[in-house]
Amino acid sequence: MLEQTLAALAAAGGTAVVQAAGTEAWTAVREAVARWFGRGDEQRERAELERLDRAADELAGAAGTELARVRQEAAWQARFENLLESAGGDERARLAEELRALLERHSPAGGASVGRDGMAVGGDVHVRADGGVAGGVIHGGAHVHPRPPGPAQG
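For reference, each letter of the sequence shown is one residue, going 172 to 325 in our numbering.
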């Protein structure tokens, strides 16, 4: 079983593949992911390109239904996890760093992904509630800058 950091990295990889399919970013993401999985083996890289094309076709054919997106995200996450899990210590660390760099390079700056159960944001997030309630779950560091209550709050 992968450590939590690597599992999250694999999940981000699955999400990146699905989010890029059908967009202008697809060609670059497709080629980078195939190269990452191919690890210098041209035949393996071609097989990954075909697998990525089938995933994109499924997403386009299903008109981007939530079920198709969830299926493909899970499938690609599992593929990323399997490769990371099968690698030895030094190779695993190298693959993880390469995947992290790939995702950073092919993710829009400050990009956000919103789903039914939450959101993921790269960059700053400001949560504010005027006369209501605001909340969030934070994975990582956070800085809180409290403001004094406004006149309506007492």
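Ideal placement from N, C-alpha and C gives every residue a C-beta, glycine not left out. On a predicted model such as this, the values are computed, not experimentally measured, just so you know.
Measuring straight from C-alpha to C-alpha, what distance separates Val-189 and Gly-259?
Counting from 1 along the sequence shown, the entry for residue 189 is found at position 18. Counting from 1 along the sequence shown, the entry for residue 259 is found at position 88. Their Cα atoms are separated by approximately 28 angstroms.
Look up Gly-211 in the DSSP assignment and say whether it is helix, strand or coil.
For the purposes of this step, residue 211 is identified with residue 40 of the sequence shown, where counting begins at 1. Residue state, collapsed to three classes: coil.
Go ahead and label Gln-265 buried or exposed: buried means 16 or more other beta carbons lie within 10 angstroms of its beta carbon, across all protein chains shown.
Against the sequence shown, residue 265 aligns to sequence position 94. Here the sequence assigns Arg to residue 265, which means Gln is not the residue at that position. Exposed, since its Cβ has fewer than 16 Cβ neighbours within 10 Å.
For Ala-187 and Phe-251, I'd like the C-alpha separation in whole angstroms.
The residue you call residue 187 lines up with position 16 of the sequence shown. The residue you call residue 251 lines up with position 80 of the sequence shown. C-alpha separation (whole angstroms): 12 angstroms.
Do Ala-196 and Ala-227 have their CB atoms nearer than 9 angstroms?
By 1-based counting over the sequence shown, the position of residue 196 is 25. By 1-based counting over the sequence shown, the position of residue 227 is 56. Cβ distance not < 9 angstroms, so Ala-196 and Ala-227 don't count as in contact.
Report the rounded CA-to-CA distance for Leu-177 versus Ala-245, giving the unit in angstroms.
The residue labelled residue 177 in the question sits at position 6 within the sequence shown. The residue labelled residue 245 in the question sits at position 74 within the sequence shown. Answer to the nearest angstrom: the Cα atoms are 15 angstroms apart.
Do Leu-230 and Arg-201 have their CB atoms nearer than 9 angstroms?
Residue mapping note: residue 230 aligns to position 59 of the sequence shown, counting from 1. Residue mapping note: residue 201 aligns to position 30 of the sequence shown, counting from 1. Cβ atoms of Leu-230 and Arg-201: not closer than 9 angstroms.
Rounded to the nearest angstrom, what separates Leu-274 and Gly-184 at their Cα positions?
By 1-based counting over the sequence shown, the position of residue 274 is 103. By 1-based counting over the sequence shown, the position of residue 184 is 13. Leu-274 and Gly-184: Cα-Cα distance of roughly 7 angstroms.
Take the Cβ of Ala-267 as the centre, count every other Cβ of all protein chains shown within 10 Å, and call the residue buried at 16 or more, exposed below.
Counted from its first residue, the sequence shown places residue 267 at position 96. The residue is buried, with at least 16 neighbouring Cβ atoms inside 10 Å.
In or out: Gln-243 buried (at least 16 other Cβ within 10 Å) or exposed?
As a working note, residue 243 is residue 72 in the sequence shown. Per the 10 Å Cβ criterion, buried.
I need the straight-line Cα distance from Glu-213 to Thr-236, nearest angstrom please.
In the sequence shown, residue 213 corresponds to position 42, counting from 1. In the sequence shown, residue 236 corresponds to position 65, counting from 1. Straight-line Cα distance between these residues: approximately 33 angstroms.
Buried or exposed: Gln-175, going by 16 or more other Cβ atoms within 10 Å of its Cβ?
The count along the sequence shown starts at 1 and reaches residue 175 at position 4. Exposed: under 16 other Cβ atoms inside 10 Å.
What are the uninterrupted segments assigned as alpha helix (DSSP H) that are 4 or more residues long and contained completely in the region 184-210, given in chain order?
If we require 4 residues or more, the alpha helix (DSSP H) runs fully inside the region 184-210 come out as 197-209.
In three-state DSSP terms, what is Arg-276?
Within the sequence shown, residue 276 is the residue found at index 105, counting from 1. Of the three classes helix, strand and coil, the one that applies to Arg-276 here is helix, per DSSP.
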